[in-house]
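Numbering (this note's numbering), first residue to last: 2 to 68.
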Ligand SMILES: [Zn+2]
């Protein structure tokens with residue numbers, strides 16, 4: 002099974018869904034804070050790097066925080 006790609010905003014400290022892509026570059030804008038400090042990678046890499054637990058991730062994905 003292919004690993005899912007996730008986006009993570011360093012400013013919001015959370016996984017964000019459907020960030021906006023900036024032009025032709027592989028840079029993404031956070032839909033919550035409009036910042037561009039969005040990292041992306043496989044679910045495994047993102048969770049490992051940002052130390053996100055499975056339960057935390059599930060919460061972020063099911064219940065995105067409205068700002
Ligand atoms: Zn953000």
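Each residue gets a CB set at the ideal place from its N, CA and C atoms; glycine is no exception.
Computed from a predicted structure; not experimentally measured.
Residue i versus residue j: straight-line alpha-carbon distance, rounded
i: residue 21; j: residue 3; result: 23 Å
i: residue 49; j: residue 57; result: 13 Å
i: residue 12; j: residue 29; result: 13 Å
i: residue 60; j: residue 14; result: 13 Å
i: residue 53; j: residue 45; result: 10 Å
Residue from the options with nearest C-alpha to residue i
i: residue 1; options: 38, 36, 17 and 45; result: This structure cannot speak to residue 1, because the chain is shown only from 2 to 68.
i: residue 31; options: 54, 55, 53 and 10; result: 10
i: residue 27; options: 55, 8 and 47; result: 8
Residue j beta carbon less than 8 Å from that of residue i
i: residue 41; j: residue 6; result: yes
Whole beta strand (DSSP E) runs in the region 20-51 with 3 or more residues, listed along the chain?
Whole beta strand (DSSP E) segments, 3+ residues: 39-43.
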